[in-house]
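Engineer: Okay, so the sequence shown: first residue is 60 according to our numbering, each after it adds one.
Beta carbons are placed, not taken as given, at the ideal position from N, Cα and C, and that holds for glycine.
Just dropping this structure here.
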Amino acid sequence: MLYLCLRDYCQPIKLYLHYRSAMIQYKLIYFDVRGLGEVSRQLFHLAGCEFEDVKIPRNDEQAWLELKKSTPFGQLPILKILDAESQNEIEIPQSSAIGRYLANQFGYAGKTPEEKAMVDAVIDQFKDFLVSQKRLTLAVRTKKSEEEINRVKEDIVTPAKDTYFKILKKLLENNSSGFLVGNDITWADLQISDNLTTLDGLGIFVPSEEPILAKFHEKIMNTPSLKTYFEQRPASLL
Numbered sequence: 060m061l062y063l064c065l066r067d068y069c070q071p072i073k074l075y076l077h078y079r080s081a082m083i084q085y086k087l088i089y090f091d092v093r094g095l096g097e098v099s100r101q102l103f104h105l106a107g108c109e110f111e112d113v114k115i116p117r118n119d120e121q122a123w124l125e126l127k128k129s130t131p132f133g134q135l136p137i138l139k140i141l142d143a144e145s146q147n148e149i150e151i152p153q154s155s156a157i158g159r160y161l162a163n164q165f166g167y168a169g170k171t172p173e174e175k176a177m178v179d180a181v182i183d184q185f186k187d188f189l190v191s192q193k194r195l196t197l198a199v200r201t202k203k204s205e206e207e208i209n210r211v212k213e214d215i216v217t218p219a220k221d222t223y224f225k226i227l228k229k230l231l232e233n234n235s236s237g238f239l240v241g242n243d244i245t246w247a248d249l250q251i252s253d254n255l256t257t258l259d260g261l262g263i264f265v266p267s268e269e270p271i272l273a274k275f276h277e278k279i280m281n282t283p284s285l286k287t288y289f290e291q292r293p294a295s296l297l
């Protein structure tokens with residue numbers, strides 16, 4: 060059953076949405092890791108909306124090369140939206156485009172134009188930091204030497220992290236709700252929380268050293284409609 064996300068809360072609606080859930084089918088295609096597809100998965104679970112979660116094995120290069128030929132931009136994730144009645148299907152590429160679309164559909168993009176702009180600003184700040192983080196994840200994934208990994212951490216990631224964390228902490232300190240923007244959870248909260256999970260695994264985010272961010276991360280991880288999903292999803296460093 061789909062959930063209609065109103066301005067202040069989400070509640071099950073059986074009339075129009077029961078019909079719509081039978082007519083609109085979602086398929087999310089990404090690799091079998093969290094990565095750039097995870098926030099979209101979380102949005103579906105947060106909204107209580109059924110979807111097909113297609114996971115391509117990360118180590119199956121042949122399967123990916125075959126699939127890549129049919130992708131709009133030659134990359135994943137992709138969101139496929141099928142109208143079962145008309146059989147019209149559209150494909151949305153790019154993780155941020157998918158996340159923004161789903162957040163707007165389900166009511167997690169911010170309540171006002173100003174909140175939506177700030178949510179987008181937080182996402183953009185995350186993407187700025189991601190440029191540096193990718194240098195580290197590439198070094199880890201390609202099994203570079205410990206010396207090289209530590210060099211990337213110290214020279215590239217740590218300075219970027221310090222700026223990034225300073226911005227996030229300021230947003231949280233100025234918002235009594237415990238969320239980054241407004242009084243309710245948004246997809247910016249999901250994105251930043253998931254990134255903190257990754258940074259924790261990489262040894263970049265140490266909760267005991269960042270109590271403000273640790274409290275925020277714990278709040279999102281204990282979101283009632285997401286907690287079971289978090290507990291049951293396969294472990295993944297990235």
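I need the straight-line Cα distance from Y200 to K114, nearest angstrom please.
Structural biologist: Position 141 of the sequence shown, counting from 1, holds the residue named residue 200. Position 55 of the sequence shown, counting from 1, holds the residue named residue 114. Rather than Tyr, the amino acid found at residue 200 in this sequence is Arg. Going by the C-alpha atoms only, they are around 19 Å apart.
Engineer: Grab me the residues of Y288's own chain with a C-beta within less than 6 Å of its C-beta, minus the 5 sequence neighbours each way, in chain order.
Structural biologist: Position 229 of the sequence shown, counted from the first residue, corresponds to residue 288. Answer for Y288: H104, listed in chain order.
Engineer: Is the separation between the beta-carbon of Q101 and that of V181 shorter than 9 Å?
Structural biologist: What you label residue 101 is simply residue 42 of the sequence shown in a count that begins at 1. What you label residue 181 is simply residue 122 of the sequence shown in a count that begins at 1. Not a contact, by the Cβ cut-off of 9 Å.
Engineer: Below 6 Å CB to CB, which residues in the same chain sit around L138 once its five sequence neighbours on both sides are set aside?
Structural biologist: As a position in the sequence shown, residue 138 is number 79, starting the count at 1. Only L87, I151 and I157 meet the Cβ criterion.
Engineer: For I244, name the three-state secondary structure that DSSP assigns.
Structural biologist: Along the sequence shown, read from residue 1 onward, the residue named residue 244 stands at position 185. In the structure shown, I244 sits in coil (DSSP, three-state: anything other than H, G, I, E or B).
Engineer: Buried or exposed for N254, please, with buried defined as at least 16 other CB atoms from any protein chain shown within 10 angstroms of its CB.
Structural biologist: Within the sequence shown, numbered from 1, the residue matching residue 254 stands at position 195. N254 is buried by the Cβ-count criterion.
Engineer: On a CA-only basis, which of V190, W246, R194 and L261 is nearest A297? Give me that one, please.
Structural biologist: Here residue 297 corresponds to residue number 238 of the sequence shown, with the count starting at 1. According to the sequence provided, residue 297 is Leu. The question's Ala does not apply to it. Selected option, being the one with the closest Cα: L261.
Engineer: What's the C-alpha gap between N233 and V240?
Structural biologist: In the sequence shown, the residue the question calls residue 233 occupies position 174. In the sequence shown, the residue the question calls residue 240 occupies position 181. Cα to Cα, the separation comes out at about 10 Å.
Engineer: Exposed or buried, R210, counting other C-beta atoms within 10 Å across all chains shown (16 or more means buried)?
Structural biologist: Here residue 210 refers to the residue found at position 151 when the sequence shown is read from its first residue. R210 is exposed by the Cβ-count criterion.
Engineer: Might you give, ordered along the chain, the residues of its own chain that have their beta carbon closer than 8 Å to the beta carbon of G133, omitting 5 neighbours on each side?
Structural biologist: Counting from 1 along the sequence shown, the entry for residue 133 is found at position 74. For G133, where only same-chain residues beyond five positions count, the Cβ hits under 8 Å are K127.
Engineer: Express the C-alpha separation of I226 and L272 in angstroms, rounding to a whole number.
Structural biologist: To locate residue 272, count along the sequence shown from 1; it is residue 213. To locate residue 226, count along the sequence shown from 1; it is residue 167. If I take the Cα positions, the gap works out to 11 Å.
Engineer: As an exercise, report each continuous alpha helix (DSSP H) stretch of at least 4 residues that is fully enclosed by the region 197-278, in chain order.
Structural biologist: Fully enclosed alpha helix (DSSP H) runs of 4 or longer: 205-211, 217-232 and 246-260.
Engineer: In or out: P136 buried (at least 16 other Cβ within 10 Å) or exposed?
Structural biologist: Numbered from its first residue, the sequence shown carries residue 136 at position 77. It counts as buried.
Engineer: Suppose only complete runs of 4+ residues qualify. What are the alpha helix (DSSP H) ranges in the region 87-151, listed by chain order?
Structural biologist: List check, alpha helix (DSSP H) in window: 97-106 and 120-127.
Engineer: Under the DSSP definition of a beta bridge, which residues are partnered with I83?
Structural biologist: Taking the first residue of the sequence shown as position 1, residue 83 is located at position 24. According to DSSP, I83 bridges with D142.
Engineer: Is K286 helix, strand or coil when you go by DSSP?
Structural biologist: Working through the sequence shown from its first residue, we reach residue 286 at position 227. The answer is helix: DSSP assigns K286 an H, G or I state.
Engineer: Pull up the distance between the alpha-carbon of E277 and that of S145, whole angstroms please.
Structural biologist: Here residue 277 is taken as the residue at index 218 of the sequence shown, counted from 1. Here residue 145 is taken as the residue at index 86 of the sequence shown, counted from 1. Rounded to the nearest angstrom, the two C-alpha atoms are 43 Å apart.
Engineer: Exposed or buried, what is A294 when buried is set at 16 or more other beta-carbons lying within 10 Å of its beta-carbon?
Structural biologist: Position 235 of the sequence shown, counted from the first residue, corresponds to residue 294. Looking at its Cβ environment, which holds fewer than 16 other Cβ atoms inside 10 Å, A294 is exposed.
Engineer: Quick one: what does DSSP say K186 is sitting in, helix, strand or coil?
Structural biologist: The residue given as residue 186 occupies position 127 in the sequence shown. The answer is helix: DSSP assigns K186 an H, G or I state.
Engineer: Using the Cα positions of T130 and P116, report the straight-line distance between them to the nearest angstrom.
Structural biologist: Locating residue 130 in the sequence shown gives position 71, where the first residue counts as 1. Locating residue 116 in the sequence shown gives position 57, where the first residue counts as 1. Each residue's alpha carbon lies about 16 Å from the other.
Engineer: On a CA-only basis, which of S267, L230, E97 and P218 is nearest M177? Give me that one, please.
Structural biologist: Residue numbering aside, residue 177 sits at position 118 when the sequence shown is read from its first letter. Closest by alpha carbon: L230.
Engineer: Alpha helix (DSSP H) containing R159: first to last residue?
Structural biologist: Sequence index remark: in the sequence shown, residue 159 carries index 100 (1-based). Taken as a continuous stretch (DSSP letters only), the alpha helix (DSSP H) holding R159 covers S154 to F165.
Engineer: Pull up the distance between the alpha-carbon of E196 and that of I215, whole angstroms please.
Structural biologist: By one-based count along the sequence shown, residue 196 stands at place 137. By one-based count along the sequence shown, residue 215 stands at place 156. Rather than Glu, the amino acid found at residue 196 in this sequence is Thr. Spanning the two alpha carbons is a distance of roughly 12 Å.
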